[in-house]
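J.: One gets this note's numbering by counting positions in the sequence shown from 1 and adding 697 to each.
Don't be surprised by glycine CBs; every beta carbon is placed ideally from N, CA and C.
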Amino acid sequence: MLAKQQRAQQGARQVSAVGQGLRRAGVSRRRCAGATRTGDSVRAMRAIFLDIDGVLNSSRTPNPRKFPYVVDPGLLQRLLSLQQRTDAQVILSSTWRYDPVGLLAAKHFGIPFNDVIPDMPGEPRKKEITSWLAAHSLERYVVIDDEDDDLDDLPLFQPSPGDGLSDELANGVADYLEGKTDKDMRRNRIVRAVQNVQAMLNGHSG
698 MLAKQQRAQQ GARQVSAVGQ GLRRAGVSRR RCAGATRTGD SVRAMRAIFL DIDGVLNSSR
758 TPNPRKFPYV VDPGLLQRLL SLQQRTDAQV ILSSTWRYDP VGLLAAKHFG IPFNDVIPDM
818 PGEPRKKEIT SWLAAHSLER YVVIDDEDDD LDDLPLFQPS PGDGLSDELA NGVADYLEGK
878 TDKDMRRNRI VRAVQNVQAM LNGHSG
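(1) Can you name, in chain order, every residue of its own chain whose Cβ lies under 6 Å from the Cβ of Tyr838, other than the five neighbours on each side?
(2) Please work out which residues of its chain come closer than 7 Å, Cβ to Cβ, to Phe764, disregarding the five sequence neighbours upstream and downstream, and give them in chain order.
(3) Can you round the beta-carbon distance between Thr783 and Leu874 to whole angstroms, since I take them to be within the 8 Å contact cut?
(4) Report back the beta-carbon spacing between Lys823 and Leu848 to the nearest angstrom; my notes put them in contact at under 8 Å.
(5) Tell me the residue span of the alpha helix (DSSP H) that contains Arg782.
(6) What residue ranges within the segment 858-884 form continuous alpha helix (DSSP H) runs of no fewer than 4 residues, ordered along the chain?
(7) What do you get for Ser790, buried or exposed, if any count of 16 or more other CB atoms within 10 angstroms of its CB means buried?
(8) Roughly how many angstroms lie between the CA atoms of Leu830 and Gly771, to the nearest whole one?
(9) Under 7 Å Cβ to Cβ from Pro809, same chain only, skipping five residues before and after it: list those, please.
(10) Buried or exposed: where does Gln855 fall if 16 or more other Cβ atoms within 10 Å of its Cβ makes it buried?
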């Protein structure tokens, strides 16, 4: 019982920290609404659930001081072009979202996020994403994440952490969001199996 209360208190502190981080980063919760409102109507939207590490940075991203939160300008520009092309909102699913410093870093680098998925300690990322989905109306959505993290039932576009968001992947995301295809882009099963074992041992990096 005590452990349960402590867990609830920890969750409340994390939610509060995220809220404070969003406010400091200049991200309004009103602006983070799940659909675009026009008068009293709500237009279903397109959304990109965005991981950051391995997507907007890679093993090639210069980081001489070994900062925990870095973004590759070229990969970020690719995301910005993708967002402009698809008119999609960006929802942070990265672990950066529940660290106020991570949120400030995301804002500092100009990552155009509109909202964050809930933090549900002990639950897989898939459940955090589907919890967000249950409260919002979407036309199309994708998940861009370099790891699986039990995302098999979701439209996953999976970059190599050595390359980050590639042109090929960005074009695939755009085609999916525009309804030109229903095919996602995952790495092969053997690579994913090895990656899942590494994720279990090391934890998801971002």
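T.: On the basis of the data shown:
(1) Ala744
(2) none
(3) 4 Å
(4) 5 Å
(5) 770-783
(6) 864-874
(7) buried
(8) 29 Å
(9) Leu777, Gln780, Val787
(10) buried
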